[in-house]
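In my numbering, the protein residues as written are 128 to 357.
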């Protein structure tokens, strides 16, 4: 394999993803008391407990991975997604049945659920695509699992020189957590891919679930806001 496609990138920093997870868990934990407090606090406690061995294994940069650490990291991301989807269903019920007095509280809760959704799905995309953050930085491209997403840099090598200079083929570019966070944010706002394109069935399914939840939430929030103004 030529050096142009062999991975030589520095190991990805752990803390952007950790910060995103902590923000999401905080937003989820501080939802109103009507949102199953027992479940919320259990999810937060489990999520934080799962984080401890992951930080112990890679305190600063992601350069080591074992089968158990991969399972914990992926499970942690899916745990947050599932828990937040439960909160989203509860929110939909309360938005469609609540009175005017709890309107502002529910609108704030909707923002919390939406932001948590963006972060949680970003973590899932980050953990799944091409074998996860450790594999993307340390394995040769020939050893990557099939990609779940195609980023612009993956096919820019034959573009104009200043664009091709940042391509995956030229400099071994691979996506970082922020790339998946931006992608998740745009998918939740535009309800369609705007940066990366889904390639696998599971990627399309996850994107569909995220964008559908965002669409339902936005529609109900607008309807609720109009009813409060009226």
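Ideal placement from N, C-alpha and C gives every residue a C-beta, glycine not left out.
Does the Cβ of residue i have 16 or more other Cβ atoms within 10 Å, making it buried, or fewer, making it exposed?
i: residue 288; result: exposed
i: residue 260; result: buried
i: residue 195; result: exposed
i: residue 200; result: buried
i: residue 272; result: exposed
i: residue 240; result: buried
i: residue 208; result: buried
i: residue 165; result: exposed
i: residue 204; result: buried
Is the beta carbon of residue i sitting closer than 8 Å to the one on residue j?
i: residue 337; j: residue 315; result: yes
i: residue 251; j: residue 328; result: no
i: residue 351; j: residue 218; result: no
Would residue i count as contacting chain B if we go by Cβ distances under 8 Å?
i: residue 266; result: Absent from the structure is chain B; it holds one protein chain and no more.
Do you know whose CA, among the options, lies nearest residue i's CA?
i: residue 265; options: 162, 191, 165 and 355; result: 191
i: residue 355; options: 155, 161, 231 and 147; result: 231
i: residue 307; options: 292, 324 and 291; result: 324
i: residue 330; options: 249, 342 and 292; result: 249
i: residue 210; options: 292, 352, 258 and 156; result: 156
i: residue 179; options: 150, 145, 160 and 348; result: 145
i: residue 153; options: 255, 169, 340 and 297; result: 169
### Query
So, do the stretch 273-288 and the stretch 296-305 have three or more beta carbon pairs nearer to each other than 8 Å?
Yes, the stretch 273-288 touches the stretch 296-305.
### Query
In the stretch 245-270, which residue ranges form an unbroken alpha helix (DSSP H) of at least 4 residues, counting only runs that do not cross its ends?
If one requires a minimum length of 4 residues, the alpha helix (DSSP H) runs lying completely within the stretch 245-270 are 260-265, in chain order.
### Query
Would the stretch 236-247 and the stretch 165-174 be scored as touching if the rule is three or more Cβ pairs under 8 Å?
By the Cβ test, the stretch 236-247 is not in contact with the stretch 165-174, since fewer than three Cβ pairs between them sit closer than 8 Å.
#### Entry: Cβ pair count under 8 Å reaching 3, the stretch 177-191 against the stretch 209-222
No, the stretch 177-191 does not touch the stretch 209-222.
### beta strand (DSSP E) segments (min. 3 residues) lying fully within the stretch 134-196
Here no run is fully enclosed.
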